[in-house]
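A.B. asks:
Residue numbers (our numbering): 595 to 895.
1. Compare the C-alpha of residue 814 against each of 754, 773 and 891 and name the closest.
2. Tell me, to the nearest whole angstrom, how far the beta carbon of residue 711 is from that of residue 730; I am working on the premise that it is less than 8 Å.
3. Given a threshold of 16 other Cβ atoms within 10 Å of its Cβ, counted over all protein chains shown, does residue 862 qualify as buried or as exposed?
4. When we look at the beta-carbon of residue 848 and count the other beta-carbons within 10 Å, is it buried (16 or more) or exposed?
5. Bridge partners of residue 692, per DSSP?
6. By alpha-carbon positions, which one of 598, 647, 839 and 631 ends up nearest to residue 700?
7. Would you call the segment 878 to 890 in contact with the segment 815 to 825, where contact means no fewer than 3 C-beta pairs closer than 8 Å?
8. Measure the alpha-carbon distance for residue 874 versus residue 818 and round it to whole angstroms.
9. Determine the extent of the beta strand (DSSP E) in which residue 625 is found, giving its start and end residues.
10. Look up residue 720 in the DSSP assignment and give the residues it is bridged to.
11. Please classify residue 666 as buried or exposed, where buried requires at least 16 other C-beta atoms within 10 Å of its C-beta.
12. From the DSSP output, in three-state form, read off residue 628 for me.
13. Mark residue 653 as exposed unless 16 or more other C-beta atoms lie within 10 angstroms of its C-beta, in which case mark it buried.
14. Contact between the segment 685 to 695 and the segment 752 to 762 is defined here as three or more beta-carbon pairs at a separation below 8 Å; is this criterion met?
15. Whose C-beta lies closer than 8 Å to the C-beta of residue 859 among residues of the same chain, with five residues either side of it excluded?
16. I'd like to know whether the C-beta atoms of residue 807 and residue 787 end up nearer to each other than 8 Å.
17. Give the list of continuous beta strand (DSSP E) stretches no shorter than 3 residues that lie fully inside the segment 734 to 820.
18. Near residue 664, what residues of its chain come up, given a Cβ to Cβ distance below 7 Å and the 5 sequence neighbours on each side ignored?
19. Tell me the rounded alpha-carbon separation between residue 782 and residue 876.
20. Could you give the distance in angstroms between the alpha-carbon of residue 629 and the alpha-carbon of residue 790?
21. I need the boundaries of the alpha helix (DSSP H) containing residue 607, first residue and last residue.
22. Does the beta-carbon distance from residue 647 to residue 623 come in below 8 Å?
23. From the DSSP output, in three-state form, read off residue 836 for me.
24. How many angstroms separate the CA atom of residue 673 from the CA atom of residue 842?
25. State the DSSP-derived secondary structure class of residue 639, mapped to helix, strand or coil.
26. Would DSSP call residue 712 helix, strand or coil?
27. Please classify residue 669 as buried or exposed, where buried requires at least 16 other C-beta atoms within 10 Å of its C-beta.
28. What is the DSSP secondary structure of residue 667, reduced to helix, strand or coil?
29. Quick test of your reading: residue 741 and residue 793, contact by CB under 8 Å. State the CB separation rounded to the nearest angstrom.
So this is what it looks like as structure tokens:
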């Protein structure tokens, strides 16, 4: 019976058993007759709706731990314009957002897995059933981008869901942190919707495409049209050039990603340079061509 609420509250989460340490931002309801448990984000439920739900189901009172109090403080700060959580002013934080392809994963198990890769001291707050944030203090930061890629692949194998991360910058602990997080949140959403879905997003990976997307139309038309016309005639050449640039002009990595021989790759790169007169090993040439790649990709999705 509780499962019917999933069609009303899309961010709700079903639990197989009574959750031991549910997120503070959830109302936990129980159908004792069928041993069903569900968590609904408090922001999704009005007072009138909550009173109605309490007449049908049991509202479970959750014992708040210090860790959950800290998570709740961060949630209020980031999403409800609440005050700064209580930390020394000289503290710095990195906020790593994550998005799962399904909201069926058990949050408690996912949190346990994430803390196994990071540290037990990180805070994890949930935006909804499929998105959340890992909050790291500067002293806790340990995982590199390559390690996060490996972690996402492991989690995908263990939980049967695809998971993507946006690695935020290290920010000082001030009120400006909320606005910086919201900007990173915008970049993450843009990357998820517009880029070929990698495991890891960063500002540097997203911003070029973000910039190309928001260029005025008159500037978009001034980008080297000969390059774009060449890509239209030869889509294979487009993918080759773009992947070559994304791999920092590394021929071995590019050939491996394309499953072609290095000689084949070199032939295609030489063909592009000959037809356009643009050298890809020149920074300015590479920048211009990469911008053309992004615009071409956005117009041919």
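Every residue gets a Cβ at the ideal spot worked out from N, C-alpha and C, and that includes glycine. Small disclaimer: the values here were computed from a predicted structure and weren't measured.
C.D. replies: Walking through what the data contain:
1. 891
2. Their Cβ separation, rounded to whole angstroms, is 12 Å, which puts residue 711 and residue 730 out of contact at 8 Å.
3. buried
4. buried
5. 726 and 759
6. 631
7. yes
8. 14 Å
9. 620 to 625
10. 726
11. buried
12. coil
13. exposed
14. yes
15. 834, 838, 845, 848, 849 and 852
16. no
17. 757 to 766
18. 679 and 717
19. 30 Å
20. 41 Å
21. Counting along the chain, residue 607 falls outside any alpha helix (DSSP H), though it belongs to the beta strand (DSSP E) covering 607 to 609.
22. yes
23. helix
24. 37 Å
25. coil
26. coil
27. buried
28. helix
29. That pair is no contact at about 11 Å.
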